[in-house]
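Let me begin by presenting the structure, written as structure tokens, before commenting on it.
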Amino acid sequence: MKSCESSCADSGSDSDSKCSDKMENTVRRRMAANARERKRMQGLNTAFDRLRTVVPQWGEDKKLSKYETLQMALSYIMALNRILTDAQRQNASQGPWLDLHIEHFQPENYHSYLGQSSPGNEEYGHFAFPYQCDGFQITN
DNA sequence: TAGGCCATCTGGTCCT
DNA sequence: AGGACCAGATGGCCTA
Numbered sequence: 016m017k018s019c020e021s022s023c024a025d026s027g028s029d030s031d032s033k034c035s036d037k038m039e040n041t042v043r044r045r046m047a048a049n050a051r052e053r054k055r056m057q058g059l060n061t062a063f064d065r066l067r068t069v070v071p072q073w074g075e076d077k078k079l080s081k082y083e084t085l086q087m088a089l090s091y092i093m094a095l096n097r098i099l100t101d102a103q104r105q106n107a108s109q110g111p112w113l114d115l116h117i118e119h120f121q122p123e124n125y126h127s128y129l130g131q132s133s134p135g136n137e138e139y140g141h142f143a144f145p146y147q148c149d150g151f152q153i154t155n
């Protein structure tokens with residue numbers, strides 16, 4: 016925009032219509048870029064909303080911020096990974112202690128795992144979700 | 001009213 | 001050249 020204005024001012028031989036066409040084109044491209052950026056951010060927000068649906072929430076009404084969503088997703092993945100690791104270790108040594116089915120990890124079911132301690136590991140719940148908040152509560 | 005969060009605009013950079 | 005991505009700036013809205 017600014018460059019166009021200055022170039023138009025500099026080039027005395029340029030006709031006004033040529034300059035206005037140039038500026039018009041610049042404005043049109045800027046508006047198109049803005050629209051693309053809006054659409055891109057909307058896609059990003061849609062992805063955040065989908066992530067929120069599969070991540071533990073603070074409460075019923077409290078919506079996680081983007082930052083909180085990412086932190087919670089990280090903690091949640093680590094917790095699930097810990098569950099799988101413990102299960103594999105147990106299965107190898109003593110046989111299955113946790114019968115894993117994929118449906119257990121649906122959003123309506125995973126809360127029960129979050130409060131579950133692995134055998135002989137009292138601080139499991141704290142380890143699983145290092146990203147804590149006063150408002151956070153595990154729903155049953 | 002201050003602070004947090006968010007949407008939008010904008011210019012720069014990289015890639016195709 | 002044009003699109004995608006990114007980060008900074010800005011202003012609006014909401015809450016403690």
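For the first sequence, counting from 1, position 86 maps to 101 in my numbering; every step adds exactly one. Ideal Cβ positions, reconstructed from N, Cα and C, are used throughout, including at glycine.
Practice task
From the DSSP output, in three-state form, read off GLY58 for me.
Solution key: helix
Handout entry: Nearest-angstrom Cα separation, counted from ASN60 out to THR100
Key = 32 Å
Handout entry: Which listed residue (VAL70, ARG55, MET93, LEU95) has its alpha carbon closest to that of GLU83
Key = VAL70
Practice task
For the alpha helix (DSSP H) holding SER80, just list the boundary residues, first then last.
Solution key: Annotation for SER80: no alpha helix (DSSP H) segment contains it, and DSSP assigns it neither H nor E.
Practice task
Return yes when the Cβ of PHE63 is within less than 7 Å of the Cβ of LYS81, no when it is not.
Solution key: In this structure, the beta-carbon distance from LYS81 to PHE63 falls below 7 Å.
Handout entry: C-beta contact flag for ALA88 and LEU66 at 7 Å
Key = Cβ atoms of ALA88 and LEU66: closer than 7 Å.
Exercise for the section: With a 10 Å radius around its C-beta and 16 neighbouring C-beta atoms as the bar for buried, classify GLN72 as buried or exposed. Expected result: Buried is the call here.
Practice task
Just the C-alpha distance for SER90 and ASN96, rounded to the nearest angstrom, thanks.
Solution key: 10 Å
Practice task
Rounded to whole angstroms, what's the CA-CA distance from ARG55 to LEU79? Just pull it up for me.
Solution key: 21 Å
Exercise for the section: Just the C-alpha distance for ASN49 and GLN57, rounded to the nearest angstrom, thanks. Expected result: 12 Å
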